Structure formats: structure tokens, C-alpha cells
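Participant: Here the first sequence stands for residues 222 to 1387, numbered as in this note's numbering.
My questions all concern the structure below.
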Amino acid sequence: MKYNFNDIEAKWQKYWAENQTFKAENHSEKPKYYVLDMFPYPSGAGLHVGHPLGYIASDIYARYKRHKGFNVLHPQGYDSFGLPAEQYAIQTGQHPAITTAENIKTYRRQLDQIGFSFDWSREVRTSDPNYYKWTQWIFIQLFESWYCKEHEKAFPISELVKLFAEEGNANVNAACDATAQEFTAEQWNSWSSEEQQELLLKYRLTYLAETEVNWCPALGTVLANDEIVNGVSERGGHPVIRKKMTQWSMRISAYAERLLQGLDTIDWTDSLKESQRNWIGKSVGASVTFKVLSPALSEGKGAKTPGYMTGGNNSHLLIERAKEMRANPTQAEAALWQSLKGKKLDVKFRQQHLIEDYILDFVCLSKQLIIEVDGKIHESQIEEDAKRTEILENNGYKVIRFKNKEVLGDIDSVLNTISEELAQRESVNSEQVLPSGKDLGWEIEVFTTRPDTIFGASFMTLAPEHDLVSQITTPEQKEAVEDYVLATSKRSERDRMADVKTISGVFTGAYAEHPFTKEPIPIWIGDYVLAGYGTGAVMSVPCGDQRDYDFAKHFNIPIPNIFEGVDISEEAFADKDNTVIANSDFLNGLKYKKAVKRAIFELEKLGQGEGKTNYRLRDAVFSRQRYWGEPFPVYYVNGMPQMIDAKHLPITLPEVEKYLPTETGEPPLGNATVWAWNTDTNDVVSNDLIDNETIFPLELNTMPGWAGSSQYFNRYMDPHNEDEIFSKEAIDYWQQVDLYIGGSEHATGHLLYARFWQKFMFDLGLVPVDEFSKKLINQGMILGTSAFAFRIDNIIIDKSEIILGKDGKEVRTIGEQVTEIKPARPIILSYYIADTAVFLKNSGINSGDSIDSSILDKRFNIIKNSILESVAESEKEYFNSKEYHYSYITSPIQVDVNIVNASDEINVSEFKNHPLNKDYKEAIFVTETDGNFKVKREVEKMSKSKYNVVNPDQIVADYGADSLRLYEMFLGPLEQYKPWNTAGITGVHSFLKKLWKLYVDDNGLKVTDSEPTKDNLKTLHKTIKKVEEDIENFSFNTSVSTFMIAVNELTVQKCASKAILEPLIILISPYAPHIAEELWEMLGNNESISTAPFPKFDESHLVESSKNYPISFNGKMRFTMELPLDMSKEDIEAAVMANEKTQEQLQGREPKKVIVVPGKIVNIVG
RNA sequence: GCUCAAGUGGCGGAAUUGGUAGACGCGCUGGAUUCAAAAUCCAGUUCUUUCGGGAGUGUGGGUUCGAUUCCCACCUUGAGUACCA
């Protein structure tokens, strides 16, 4: 009987499906084990050979655990929301649900043919309303919760409301928006419902906030940072801009500390934990408050008039507008200005002047009088004008208004009114506008991890975007500062990050008071300080921080040294451990740890600082301007978000005409016509009915991809429950995932968000453990090997000498270029022909050698004839004359790897006929000297666009699923990245054939009930031991080797004993389940092999009586000696010394020492 | 720059409480079988050699009777992160 893998695999796949062989029980006496691999994301391309790697590994483990007697949960589903289906819908108009269903069908077929033991009865799909109902439900729970920092736990928002009503928020220690100010119970109770809701939104675990996002106008969507490459979108290369949008955010930052601490409790890979730690970015230090001092006025021009800069935060933006308005006054303004300018009324007036964020027509600062000349437009903005007047009057200004008509009609009467007002008002000193006293009341808070170095702070640096910048800047510095702020705001985030070497900054003119020395230290702004981290301001300690050091050197700021015995003339000293602080008052002589403590203590005493911990982790944006995602269960009343009651879920995605953003820039759901919430009927109704009384608009954003994937592992425990997200019994039984296999690329996305949701659900008492997965291992990625040929773009003719570059790769021509020729027909070059370096190496030329043209002629002659075919008659002389040299410029062209053979060669006619190469049908092909056409190979990620995708279908058809499974495991360690290479698959395939032959010959099964020999038993038990260890260590590659060794040995031993071969096939069955089932059945078993108990290891079969000792001299093994294991050290030494080979090695010398390690080795030191 | 991981034959890789480096497989070489090919089987395959041996796990040191394994410095590659105060 021949091993017919196709029939065998089809037979058992059908059997498993029909019998639901791998169904897990929600209640079982058996111990439970939950193996999960990250569910596939069904894009249109189908599976490639890289995808199954992790699935095969987890399947082997799941099958192994079943053999070990566990009730194994090994489910599978699909992450079926996402962008590709939507993009396809935009192109074709086909509903994304249809596309997704088609893609899933392909995936399912491909997964099934590999023989996974998934429990398909538990399949979930994130795009299934019955599933996303619960994603929406969790969103509502998050909305209805707040995070108490005192208890480090989430609580229902209703409790917070109660607290607010009883005692305000003074005693509430919650994770919330920084803008949430203190209030009393009376205040709270006096507020309207809307005001209360607005405030509560700042406390909820999911909240609406203005966030700056990467907006791609062409795609009409927000992009993640990694979707942007070089400032344009990865997909399509469209420009991306920063834009503020109101979006849902998740307060993951509240959980930062718990997410960090939790890492110590779970068995995840160190590298993954490390990336999560970095991402959370905890730093311990102190916050320090610096008081801003008034600027010391210089003696120069304008020194006495510092007060005219009265603009607010946005002056740098408004100043341009003001200038423009000054240049283009209205007729009335121009007329009035003629009478006001040049102190015509004895006081100085300013035209189109900034106060706060307002541009005022005319201002007299010394009398704090504002004159506004109103045109027609002001009739329509009376309210705004009133508000503006109110604010200005609160600042001590008086505003008087005239109409255009009045000014133009009777200017004298207008001037009279103004004069009267001026007379009535007291003159204020310009310094009162921006007083020149000591303490201005402004404070700058900084975060530092090195409070011990505070005496080394010789300046402060603010981020250009810092709120105080415009306020503290002195008039002298105003222009420079504004220019700098404007310049940095124009630079993109990326530019700023890429260019870290250029040191730039501007002095604000202001000074801060050092908290201890009370000395003034200058305040600078610089773009090396990031607005987004900490407080956007730093105390700069140039002696201890390289960036501060560089900045100080560049701008000649003093660099005081506060470290004992450390030279800081060249660079900053950032070593914490070897520091003794000096020149630092009470910190003198202290080491790092003590100095930090003392510094914080002293700061607290002053009330100017405290110990503080900072996290880099930002809240996660949860809105996407896309169609194909979970809709939010949210409608808006007066702009305030309202949750739809959970009992009305799911809110299903509406139908839309177009999957693109609307013309007004709203997300695709803005195209829906039936997308409003009726609070009477609790139903989604037509938009036309919106009356904002009972029928309200629904949220237009959808949820991101990570929403659905943050809860699926729990839902698998009870996937068809319609009343609850999962039953208490189910979650109490399964608890958490025991083994999760997934790629490391999810380290700071999915795996962090999922942990966050799990912790939140733990706080709510929904789940019994606060980590969703006990153990996690990363599978590596199988890479593709792209193939390239080379096309000649240009042929350059010159009369030069040709020199080989120093690196041996570049050929430079020096001299005069004569002409450049573009081939009329494409010329395609084989690898070595195209690659100068390789060619020259093959020619025996060393790098750096100067070579004459004859050697290159040799090379060019190979393609000369081809080029001659392609160029015009008139150009041929260049190639036939010795006078000219020619070189060429090539560009690589993709070759589909499926037409490349194992020796990296392609068949030229096959290449021409490939659909990818329509343009090259008439091309001239230049082959290697041996006549073959070789491609260049490069290892890259497998991707459709690189034509390097290897589909598992063909492998399965040629070698079978068992071979594919074994081979993917045999390639190397699971977590390693490795290129796919089919070359070795014949090895595992012939192993399977050998295995078959061990059990079956031409006459059928040849297994007998004969007694196993000692050797048989030794082989079997050695294998059991090794395989068990390997599986537990996820070292699947070595267990495949072990099987090969076992089968080779048993074949040599001519073993036919059932007592050996029956346990052996159980060992192999997790790896090659189809052949195992078949042989198992042939051995007379009626039940599937999948639950057969794992063979028991028996040490006694491996006990040896003697050992083949390696005898080494000075650590080098020279020969071996067979000696009994129970021999004493002395006897071993004597026996070894007596051996003639020992004497031969020693050549008469006395050994200095003889080391005997019984059972291991003998080492003779000579 | 920082953090982490990894460097072993022609190739994928094996071996680490320090104890025979190169398991297993691919490829290659030779042989058997065959009219022939495929398939299968057997032998060999780190390099070097005057056939005694010698060298050898990225480089240079160190610890040790003994180092691929431990320590120090450096080089290279990959991944993550990035002016994080």
C-alpha cells in the first residue's frame, strides 16, 4: 500500500468536521486548557505560507494537551471589520460585508486543508452584530465608569455623581482631564443637567475630546502614525496634515501603573514586556514650580514702554491679521486715525492693536481706552461684541463705539466724546499694563527625573507651544520669539524629530527665580522641548543633561558644575550612580538617591514641588472616520453624547450609498439616510425625522479595529450567549487564556488595549482575573524572497577611463560623456550581468584596482549584440568603435517568485508570458555566460505587491498538509524570522513516507504483537522524553528531528512491534495528525487518535551500564573509551592512564593534573 | 542615541546548571538498483594537512582543568523606540 496523502487528509478532515471532534465542553471534570492564536484578518489575498506558522504551533500544543487529558478550548474566528474591505467597497461599490464573507470563505477553506483542530462551533466574527453587540456593550460600561486613583480601580459613574452632589470634587482623586476644576456640592447642584454632563465627560473612562490627528484629506480618514511614511499616507501616497477633531478617547492612561505592574505577573516574552514598559514610559522624579520674575528692563530704545505688548496666547497668529488690517483701513478708520495719531489728543493711540486675542481698532494704553469704529457687519454680531466688551472691561479697559456714519458725518463730535472720556480716565503707568515688579504671579511647572541636580539649573527651556510663552516674553524679544514660534509651528512633527542635531532656540527675555538660590535664571524657548510630554517645560541642567549642555554651549549660557571631581568641559555627565553632588548647598556631599530625596523634601517644604511620577502612555483615540467598523451606541442631545440603553443593542451599521466621507467632510456614516435615534420607540429611524426633541442624530464615527479584538478571547468562552457577554459559569471555568500565540507586532497595540479592557472588566467584577492571558509566545514571521531582473534604462557613451570604486561596487567614469541612448526595445539583464561588483569579482579584479577598458569590454561584449539589436543604425558606431566606452543604468523589475526555480533561474518565455510583464513581450533578454537567466533575490515581507507570496494551496497539493505542518515547524525556532524556502520540504515529506513504510508494506499493515527489543524500547522512551520536553518548551523544530531519528532507528532495528509503534504514532499525531489518524485506525482503533493518552515515559529503559567517555587533553577531545558507569574516579583515572593512546598523547610527559567527572568526561592537563 | 535579540559548515539550523561543536534536514560527491529517468537504498561531506596531525562557533581580551555557553570591550545584523527632561 502506498502512502496516499491526498485521500488520507481529505478523509480525516471530513471525519473531524462531521464528528465535531474538537468541541470543548463548558463544564467538565477534566482540567481545562485554553489555547488561542490571534484570529486572522481576512484581507483579499488569502493565506500565504507565513500565516499558518503560529496556528500550526498552537494546534500542536492543543492536540498535545488533549493527549495529556485536558479539556482543551482551541477556538477560531475572524477579525472581520477593517479597512481593506472598505477600500474595495469604495472602488467597486460592493458591500464590505459581501467582500468580507467571500474572503472568509477562502480563509476557511485554506485553514481547513491544513488540518487544524479548531472548535469551529465557537466561531466569532467581529463584524457580526451578535458579536459587536457586546463590543458596544463594553463601550457603554466604559462610559458609565470613572477611575478612582485612591483605590486604583474603576467605579460606576453614578457613585461619582452622588459624591459630587454631597461634597463636590475636592476629595475626589480621579483620573480625569486636567481642565476639570474644583467645585463644591452647592455649585454642582446649581448646574444644569447639560453642565453636569459636560463635566462628567471629563471623568468617564471613555470621553469626547479634541485631539490632534493625522488627517488625510484624499482618503478622508485619520491615519495612525505607522500608516504615514515620509509625511504621506502609506496607502496611495497622499499628503497628510495635522488637524484637530472631536473624537472618542479611552482613558487607558488611568491604568498605566496597573498595566506596568501586571507585566510581572504574566509569562510573556521579555522583549514584549520590555516594549510595553517602554510604551508606558514610567519615569519617577519630581515636579518643580518656578516663579517667573519680571524682565529687567534694558536701557535701549523702547525700554520704557514694555507695556504695549498686550496680546494673548495667539498673538503670533493674529499679529499678521492686525498688520493687514492696519494696511487696509476702512474709510472711517482712516479718517479717525488722522485725528488720533501722533498724540494729537495728547495721548498715544495705537491702531489695530492686540489685547488678549482681540484686534481693537484704536487703543490708548495709558488711559486704557478702546475706540471701535463699527461698520454694517456689527449689526449682525451684537452679542459677540457685547461679550468682547465685557472681557475687556474686566481687564480695566473702557470701550466706546462709534458707527461709520458718525465718524464720516461729524468727526468733531466723535473727537469730543473721545476727549471727554480721556479726561475722565486716570492715567496708568505703562508698567501696570505689564508690571515690572518682582513676582508676576506666573508659575512654570517642570518635571524632572533628577531633582538632585537642581542647583545645576542655569536656565529654563519651554516648548515653543507652551501657554506662557507669549505672556512672559519681553517686548525686546517679542519679534524673535514670535518668529521662532511661527517657524516651529510650520515644521511638521516628523521634520522636528528627524532633525535633532540642529540646536535652535530663542531667549524670551524673562527670568525665573531659582527655588533655592533665589537667583534669576533666564527662560528660553527651544524646540527640543516637546509640548506633549510632561509639562512642556524643563529646568535645564547643562552639566547633567547632554541636550541642555549642547543648548547651553550653543547659546553661551553658563554651565555650572555640581558634580564632585567630574570634568564637564567636553560633555554632560549623566551617570547617576557615581555622583557626589557639590556646589549645591544642602545637597553637598550626597549621592544620587539621598540627594533626590532631600531635594524633594526641601521643595515640598517650600511648597514649590513634590515627588511625581510621569507616564508617557497617552489616552487612546477610539474614533475612526470609516464605514466598516462597529457603530457607537451613541446619540447626541444638544451636542452632549447619550448612551443608548444596552437592551436595545446591537445598533447595526446603516446602509449607505457611498463608502466615502461626505462632501462636508463627515465620516461615511454621514451618507446614511436612516441614522437617527428615536427615544420614544427606541429605534433607528430616518434622518428626516430629527427634531432634537424625541429624535436625535446618531454618532457618525465607527470604532477602531482594536475594539473587537479586545474582548474576543472572553467571548469564545460562551459565544452564543444572547443575554450576557458570557455566563458566569463559563468565565469561572475557563478563567483566562492559558496560551496565546501571536506576532510581536501587536506589542503596543492590541496586546496593551486588550489588557486594559480586561482590567476594566475585572474592576466591574465581570471577569475573575485581571490579565486575559497567562502565557504568550510570539511566532516569528515567514518572509518572502522577492526576485528581480534588471532593465537597462540608459546607455551612456563616453570617452573616459573607467575606474573601479573603493567599495568594489561602483564603477565611475571620468572624462567626457558623449551621449546617452535609451534602448528602443527593453533590454532585460540577468543578475550577474547587471551587477558590476559580482561581475568584476568573477573577473578576478580586486576592489580599488584601476582597470582598463578591455576588461569591461569583455563584460559589455556579452550584451553588446543585444544592445545593437535595440539601438538605431546611426548609434551603432559607438559600440563598434574602440574609441568609445559605454556603461548603463539599470533599474530592478519585479519577477513573480512563482516562475523562479530553486536555482534562482527563470524560463525567459515563461517570463514574457506572465501577465505582470506585458511591457516586455518584445524585450531582449541578456543571459549569463552559461546561457541561463538568473534573478537577484532579496528577503522581504511577503506581500502581494512584491510578487513574492507563496500560497500554501500548492504545497498542500504537492506534499500534503502533514508535510506543510512538519516543514513549517522544522524550519527553525518558532519565534525567529526566516525566509520561506521550499528546498527542504522533500526532507520532511520523505520522513512521512519512511514513517508509513515502518507500519505498512505492499501487503498492508505489517505491525505485529511481537515483544519489543531493548533497543526498540530505548528508542521509544528516548523519543517520548525529548518530545515532551520540546513541546513544553515550544521547541517544535527539534522534536521533528527527534521523530526522524526515531523512525530511522526503528527502521534499522526492523521494528514491527505494536507496543512500540502504537505509542510512537500518538507522539507524532499533534504534528502530522492525518497520517497518524490513518495508521491509528489501521492499528484497530475505532476512536479518533486525538484523545488517546500520551505515552508514559519510563526511565528504566534508558539506564545504561557503561559510558563512552571522551578523553580530552587540555580541553580538546582526542579519543573515547568505553568504561562502566559505576567505576570509581580512581579506577577511571588508572584505566585512562593505562591506555596506550594516552601515553601516545603525552609523549612521555607527566600529566600535571587529571580531572575525572564520572559519567561525563576525563580531562588530562599536560 | 537608547532598549532588546542575534552572529556556529555551501544552506535551514542543533548543542548552554560550562564537559565529545556541527544533531536532524537540504544541497553536493561517489556507489547500488534501472535500458534510462524518477523514486528508493548505501557511503562520504567544517576547514586544512606532508595523512602524524593542526585550526575552528563575529573580533580582541579574561575567568576555568575545560568556554558556542560565564565576564569585559568592540564589530556586524535585525527589531522596537526616539530630543521623554
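Every residue, glycine too, gets a C-beta built ideally from N, C-alpha and C.
Nothing here was measured: the structure is a model prediction, and the numbers come from that model.
Check whether the segment 1232-1249 and the segment 1204-1218 touch, using three or more Cβ-Cβ pairs below 8 Å as the test.
Facilitator: With the cut-off at 8 Å, the segment 1232-1249 and the segment 1204-1218 do not touch.
Participant: Compute the beta-carbon to beta-carbon distance between L561 and V628, rounded to the nearest angstrom, for a pair I have assumed lies under 8 Å.
Facilitator: About 11 Å separates the two Cβ atoms, so there is no contact after all.
Participant: Please report how far the alpha carbon of L1271 lies from the alpha carbon of P1294, in whole angstroms.
Facilitator: Using only the alpha carbons, I get a separation of about 20 Å.
Participant: What's the call for A396, buried or exposed, on a 16-neighbour Cβ count within 10 Å?
Facilitator: Answer is buried; the Cβ neighbour count reaches 16.
Participant: Run the CB neighbour count on L1204, radius 10 Å, all protein chains shown included, and call it buried at 16 or more, exposed below.
Facilitator: Position check: residue 1204 holds Ala in this sequence, whereas Leu was assumed. Classification for A1204: exposed.
Participant: For the pair the segment 1245-1260 and the segment 272-289, tell me if three or more CB-CB distances fall below 8 Å.
Facilitator: Counting Cβ pairs under 8 Å, three or more are found: they touch.
Participant: Tell me which residues share the same chain as W341 and place their Cβ nearer than 7 Å to its Cβ, disregarding the 5 neighbours each side in the sequence.
Facilitator: Only Q297 meet the Cβ criterion.
Participant: Answer yes or no: do R498 and L484 have a C-beta to C-beta separation smaller than 8 Å?
Facilitator: Yes, these two residues count as a Cβ contact at 8 Å.
Participant: May I have the straight-line CA-CA distance separating R1158 from I1127, to the nearest angstrom?
Facilitator: Going by the C-alpha atoms only, they are around 12 Å apart.
Participant: Could you give the distance in angstroms between the alpha-carbon of F226 and the alpha-carbon of Y1180?
Facilitator: Using only the alpha carbons, I get a separation of about 8 Å.
Participant: Residue ranges of each alpha helix (DSSP H) run of no fewer than 4 residues wholly in the segment 1191-1257, ordered along the chain?
Facilitator: List check, alpha helix (DSSP H) in window: 1206-1220, 1235-1253.
Participant: Look up T356 in the DSSP assignment and say whether it is helix, strand or coil.
Facilitator: Reduced to three states, the DSSP call for T356 is helix.
Participant: Express the C-alpha separation of L268 and K235 in angstroms, rounding to a whole number.
Facilitator: In a straight line, the C-alpha of K235 is about 21 Å away from that of L268.
Participant: Thinking just about the alpha-carbon of each residue, which of P779, I592, E664, T873 is nearest to the one in W358?
Facilitator: Checking every option, the nearest Cα to that of W358 belongs to T873.
Participant: Could you give the DSSP three-state label for M1002: helix, strand or coil?
Facilitator: DSSP places M1002 in coil when its eight states are reduced to three.
Participant: Determine, using beta-carbon pairs with one atom in the segment 918-928 and one in the segment 840-854, whether at least three such pairs fall under 8 Å.
Facilitator: With a cut-off of 8 Å, the segment 840-854 and the segment 918-928 count as touching, because enough Cβ pairs lie within range.
Participant: Could you pull the start and end residues of the beta strand (DSSP E) that L890 belongs to?
Facilitator: Taken as a continuous stretch (DSSP letters only), L890 belongs to no beta strand (DSSP E), as it is neither H nor E.
Participant: Which whole runs of the alpha helix (DSSP H) in the segment 588-645 are 4 residues long or more, in chain order?
Facilitator: The qualifying runs are 603-615, 625-630, 632-645.
Participant: Is DSSP giving P1284 helix, strand or coil here?
Facilitator: Here P1284 sits in helix by DSSP.
Participant: Give the single residue among E992, M1002, F1100 whose Cα lies nearest to the Cα of E1041.
Facilitator: With distances taken between Cα atoms, E1041 lies closest to F1100.
Participant: Please state the DSSP three-state secondary structure of E734.
Facilitator: Residue state, collapsed to three classes: strand.
Participant: As a quick exercise: from I591, K624, S587, pick the residue whose alpha carbon is nearest that of E600.
Facilitator: Out of I591, K624, S587, K624 has the C-alpha closest to the C-alpha of E600.
Participant: Taking contact to mean 3 or more Cβ pairs, one atom from each stretch, closer than 8 Å, check whether the segment 1324-1344 and the segment 1356-1374 are in contact.
Facilitator: A contact exists between the segment 1324-1344 and the segment 1356-1374.
Participant: Once DSSP output is grouped into helix, strand and coil, what is the label at Y1109?
Facilitator: If DSSP states are grouped into helix, strand and coil, Y1109 belongs with the strands.
Participant: Which ranges does the alpha helix (DSSP H) cover as unbroken runs of at least 4 residues, wholly within the segment 1288-1328, from first to last along the chain?
Facilitator: If we require 4 residues or more, the alpha helix (DSSP H) runs fully inside the segment 1288-1328 come out as 1294-1303.
Participant: For S651, which three-state DSSP category applies?
Facilitator: Residue confidence is low: S651 scores 44 on pLDDT, short of 50, so the model does not pin down where it sits. Its coordinate-derived value is still stated next. If DSSP states are grouped into helix, strand and coil, S651 belongs with the helices.
Participant: Please work out which residues of its chain come closer than 7 Å, Cβ to Cβ, to I783, disregarding the five sequence neighbours upstream and downstream, and give them in chain order.
Facilitator: Here the set comprises T674, F676, G677, C764, I802, A803, N804, S805.
Participant: Between E1161 and the rest of its own chain, which residues show a CB-CB distance below 7 Å, the 5 nearest in sequence each way excluded?
Facilitator: Excluding sequence neighbours, E1161 sits near L1004, G1005, S1007, K1167, N1169.
Participant: Which two residues bound the contiguous alpha helix (DSSP H) that contains Y282?
Facilitator: Start and end: 273-288.
Participant: On the three-state DSSP scale, how would you describe R1158?
Facilitator: Strand at R1158.
Participant: So, using beta-carbon positions, are Y199 and I1016 closer together than 8 Å?
Facilitator: As shown, the chain starts at 222 and ends at 1387. That puts residue 199 outside it, with no answer to give.
Participant: What residue range does the alpha helix (DSSP H) around G747 cover?
Facilitator: Here G747 belongs to no alpha helix (DSSP H); instead the beta strand (DSSP E) covers 741-747.
Participant: Across which residues does DSSP place D866 in a beta bridge pair?
Facilitator: The partner list for D866 (beta bridge, DSSP) is empty, contrary to what the question assumes.
Participant: Near S948, what residues of its chain come up, given a Cβ to Cβ distance below 7 Å and the 5 sequence neighbours on each side ignored?
Facilitator: Only D939, N942 meet the Cβ criterion.
Participant: Taking the alpha-carbon positions, what's the A752 to G830 distance?
Facilitator: Approximately 20 Å between the Cα atoms of the pair.
Participant: Give me the residue from Y749, I742, N799, F807 with the minimum Cα distance to I778.
Facilitator: Cα-wise, what sits closest to I778 is I742.
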